[in-house]
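Asks: Counted from 1, the first sequence has number 79 at position 79 by the UniProt record's numbering; the numbering is strictly sequential.
Glycine is no exception: its CB is placed at the ideal position from the N, C-alpha and C atoms.
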Amino acid sequence: MAHASELPCDGDGVCMLCKKTPLEEEKLLCKTCVTPWHVSCLTHPPESMSSVLQWECPDCSPAPVDTGNASQASSVTNANVVAGGNANLIAAIRAIEADKSLSDAEKAKKRQELMSGGVVSEVDTENGKEKGNKDVLDVLGGTFSCSFCMQLPERPVTTPCGHNFCLKCFQKWVGQGKRTCAKCRSDIPSKMASQPRINSALVVAIRMARMAKSTSSVMPDKVYHFMHNQDRPDKAFTTERAKKSGKANACSGKIFVTVPPDHFGPILAENDPERNQGVLVGEFWEDRMECRQWGVHLPHVAGIAGQSDYGAQSVALSGGYEDDEDHGEWFLYTGSGGRDLSGNKRTNKEQSFDQKFDKMNEALRVSCKKGYPVRVVRSHKEKRSSYAPESGVRYDGIYRIEKCWRKVGIQGYKVCRYLFVRCDNEPAPWTSDEHGDRPRSLPVIKELKNATDVSERKETPAWDYDEEHGWRWTRAPPISRKAVQKANPEDRQRARKAIRQAQNFSVRERLLKEFSCLICRKVMTLPLTTPCAHNFCKPCLEGAFAGQAFVRERTREGGRSLRARKNVMKCPSCPTDISDFLQNPQVNRELMDLIESLQRQSKDETGDSSEGAADGSEDSKPEGEDDNGELGPEGRDTVDGGDKELQTPRKRKKTENGSCIGKEGGKLKESPDSHEIVEAGNDSPSSPLHVRSDPEDC
DNA sequence: GGTACAGAGACT
DNA sequence: AGTCTCTGTACC
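#1: Would DSSP call Thr529 helix, strand or coil?
#2: Reducing DSSP to helix, strand and coil, say where Val81 ends up.
#3: To which residues does DSSP link Thr334 through a beta bridge?
#4: Given that a residue counts as buried once 16 or more other Cβ atoms are within 10 Å of its Cβ, and exposed if not, what is Cys9?
#5: With distances taken from CA atoms, which of Phe357, Ala476 and Val551 is nearest Ser455?
#6: Which residues in the same chain have their Cβ closer than 6 Å to the Cβ of Pro261, if we skip the five residues on either side of it in sequence?
#7: Within a Cβ cutoff of 6 Å, which residues of the same chain sit near Leu202, ignoring the five residues on either side of it in sequence?
#8: In angstroms, rounded to a whole number, what distance separates the CA positions of Gln176 and Gly409?
#9: Measuring straight from C-alpha to C-alpha, what distance separates Thr180 and Phe170?
#10: Straight-line CA distance for Asn584 to Thr158?
#11: Going by CA-CA distance only, name the one from Ile255, Val568, Glu467 and His263 that's closest to Phe581.
#12: For Lys349, which option in Ile188, Gln411, Leu526 and Leu102 has the closest C-alpha, if you only look at C-alpha atoms?
#13: Touching or not, the segment 304-320 and the segment 375-391, by the rule of three or more beta carbon pairs under 8 Å?
#14: Under three-state DSSP, which class holds Glu390?
#15: Would you identify the three-state DSSP class for Cys15, choosing helix, strand or coil?
#16: Whole angstroms are fine: how far does the CA of Cys161 sit from the CA of Lys168?
#17: Three-state secondary structure (DSSP) at Lys20?
#18: What is the residue span of the alpha helix (DSSP H) that Ala544 lies within?
#19: Using 8 Å as the cut-off, can you tell me whether the segment 271-286 makes contact with the segment 299-312, which would need three or more C-beta pairs spanning the two stretches below that distance?
#20: Verify whether the separation of the beta carbon atoms of Phe536 and Leu518 is less than 8 Å.
#21: Which residues does DSSP list as the beta-bridge partners of Cys523?
#22: If contacts are defined as beta-carbon pairs under 8 Å, then Val377 and Tyr395 qualify, I think. What distance do you get, rounded to the angstrom?
#23: Which residue or residues does DSSP assign as beta-bridge partners of Cys404?
#24: Measuring CA to CA, which of Thr21, Leu29 and Pro58 is closest to Leu7?
#25: Report yes if the CB atom of Asn425 is closer than 8 Å to the CB atom of Trp471, and no otherwise.
#26: Unbroken alpha helix (DSSP H) runs of length 4 or more, entirely within the UniProt domain "RING-type" (146-185): which are they?
#27: Given that a residue counts as buried once 16 or more other Cβ atoms are within 10 Å of its Cβ, and exposed if not, what is Asp326?
#28: Determine, using beta carbons only, whether Ala312 and Leu268 come nearer to each other than 8 Å.
#29: Name the one or two DSSP bridge partners that Pro427 has.
#30: Consider the C-beta atom of Pro196 and the heavy atoms of the ligand FAD; say whether any pair is separated by less than 7 Å.
#31: Specify the secondary structure class of Gln351 as computed by DSSP and reduced to three states.
#32: Cα-Cα, which of Phe353, Glu329 and Ser342 is closest to Gly335?
#33: If Arg422 sits next to Trp330, beta carbons under 8 Å apart, how far is it from one beta carbon to the other, in whole angstroms?
#34: So, Lys254 versus Gln293, is the Cβ gap smaller than 8 Å?
#35: Helix, strand or coil for Ala205 per DSSP?
#36: Give the range of the beta strand (DSSP E) segment to which residue 730 is assigned.
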């Protein structure tokens with residue numbers, strides 16, 4: 001955060017520091033949150049014109065801390081920008097805005113080019129072969145933009161009113177006490193304000209489009225991690241007794257990878273006979289048992305996997321310790337112990353003694369000192385972090401522990417603390433960057449002032465970055481002391497086939513696939529994003545709750561009515577109650593526009609209207625995905641919802657818009673009517689259902 | 001929503 | 001063999 005000595009201009013354009021209203025030319029806009037700052041009041045006045053375009057305000061770009069570790073090269077450009085350059089930027093933006101010959105989409109694109117330092121414009125010079133992929137980004141850039149920064153949303157969050165913003169911009173907005181959508185002034189629910197969750201479908205879409213832009217039209221050789229968790233593992237039960245009492249009492253099951261339990265670093269393709277792709281960043285599992293089966297994090301209860309004399313291989317962020325602090329690319333982790341677990345307890349929220357650097361805590365400290373790569377999984381149980389998945393457990397990649405220390409925790413007892421910083425060659429699941437991490441400067445950790453037992457790495461880290469190879473071992477990984485667990489090589493061929501087929505999809509088709517409804521699995525029509533960041537077709541979601549009243553009337557025997565009770569309506573993908581959202585669900589217009597554009601493009605390209613891109617993403621789905629009746633990354637989530645929807649299909653009148661997408665998305669075998677669109681008159685006049693669509697599109 | 005409770009496996 | 005564990009479920 002900015003110090004008190006660094007404050008931006010307020011909503012009226014008045015500098016909160018000098019209380020003057022600077023001229024437009026004297027203001028500098030943050031590239032991330034687009035908050036205006038008075039240039040002459042900045043602690044670090046700008047230095048060069050080129051960095052004007054990339055300038056981040058003190059709020060968005062934490063100042064580096066002196067770590068005393070010379071090997072920690074910083075690649076974070078801590079913006080120092082020229083004051084005069086800013087005026088040029090503003091003038092350029094003004095010129096774009098004033099250009100009447102440009103459409104809104106073109107203006108957005110131009111702004112983006114300007115703000116991204118001209119990166120996008122490079123695409124314009126690409127040859128015709130790459131035009132198709134460029135179009136994808138154009139469509140995205142023209143469709144999506146955060147209202148604050150006017151760029152493609154970074155870590156996008158979606159309000160219940162269907163508008164998309166960058167996480168940081170959104171947090172800044174609500175941080176100013178605002179509780180209405182910046183675009184339409186609808187109320188922002190308090191939970192959304194305090195715990196915004198990233199809309200992962202948008203992240204994937206934006207990243208894919210960027211990748212498509214930066215690579216040739218041929219898909220890259222490597223299998224990219226688009227969270228298609230195909231060939232999901234068998235259920236974890238083995239023993240009869242375990243089956244009887246369910247998962248509560250089980251954690252066995254086959255291990256799918258050929259890595260020993262003390263394996264450090266990523267799970268590589270060579271260790272994945274089942275799928276031959278390794279465990280990719282962003283893959284997720286229903287629970288810790290499944291996660292365990294892929295060797296990512298072995299213990300099914302404990303948060304730390306490791307050995308005190310050897311090092312720690314992985315950690316889980318599950319919200320079990322209130323001292324934890326998650327910032328995505330870095331987080332502060334709390335050690336284990338300090339709790340009374342007598343009476344056969346697995347955990348205990350109350351801390352009753354100090355933690356020490358022993359056992360697992362010592363294992364983490366060893367990994368810190370050696371600079372070992374540590375795998376990180378985040379669980380939905382972490383409720384305070386925007387970076388946690390809404391459901392299940394997700395692999396977020398490799399981190400390194402840069403420092404560890406002890407401090408007095410929230411509960412008054414000492415806790416072990418670890419600073420984890422991400423260092424993976426794959427981008428994090430929440431960012432639309434197409435590249436992985438670069439070495440970054442360490443964040444300022446205030447609590448270090450009062451820390452004791454501080455340890456940091458003295459030797460060269462075993463896992464480090466170089467420009468040529470990215471993150472990799474600088475020396476041989478520690479020799480495993482355990483035998484490789486038995487892996488099951490069967491189905492290898494089938495899995496490979498599925499991957500090959502998946503790669504054959506065009507970028508656009510893959511992109512469309514990401515926009516499939518979690519209920520019907522088709523490309524979404526009238527997409528809704530719930531407050532818990534799950535995406536559905538409006539008809540599907542409404543259909544799933546058709547016939548259910550929002551409130552339950554209650555009457556006594558005597559006939560006197562009692563106060564009506566609210567009906568809980570759980571999101572088909574997670575346990576969140578979305579009944580409030582369902583009262584007036586708003587279509588994500590930007591998403592809908594994008595889907596339509598992509599479908600139009602695909603249609604134009606193939607010149608075949610009957611089997612469009614959406615079809616490619618569904619009907620010609622790789623056989624492998626269907627083999628066990630479980631489809632796609634969210635397969636387990638959608639089955640119930642789909643059933644519900646089919647039980648209570650809601651009849652709707654067709655519109656050109658809906659039927660067009662419905663057709664492209666493939667027909668519903670079971671219930672052809674379920675994709676039809678509600679009659680316009682049934683909705684409020686402002687409803688996005690009234691969006692007019694070009695009949696020619698159909 | 002809160003609480004009691006359990007199997008399994010890894011560490012020591 | 002004893003200890004520990006950022007789970008998951010049933011039940012109230």
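Replies: Taking the definition as stated:
#1: strand
#2: Residue confidence is low: Val81 scores 31 on pLDDT, short of 50, so the model does not pin down where it sits. Its coordinate-derived value is still stated next. Three-state DSSP puts Val81 in a strand.
#3: Arg417
#4: buried
#5: Phe357
#6: Leu298 and Lys482
#7: Pro156
#8: 29 Å
#9: 11 Å
#10: 15 Å
#11: Val568
#12: Gln411
#13: yes
#14: coil
#15: strand
#16: 18 Å
#17: coil
#18: Lys538 to Ala544
#19: no
#20: yes
#21: Reading the sequence as shown, one finds Val at residue 523 and not Cys. Beta-bridge pairing links Val523 to Ser516.
#22: 5 Å
#23: Tyr418 and Ser455
#24: Pro58
#25: yes
#26: 167-175
#27: buried
#28: no
#29: Per DSSP, none; premise fails for Pro427.
#30: The ligand FAD is not among the ligands present in this structure, which contains no ligands whatsoever.
#31: strand
#32: Phe353
#33: 7 Å
#34: yes
#35: helix
#36: Past the boundaries of the shown model lies residue 730; the chain is included only from 1 to 698, so the question cannot be answered.
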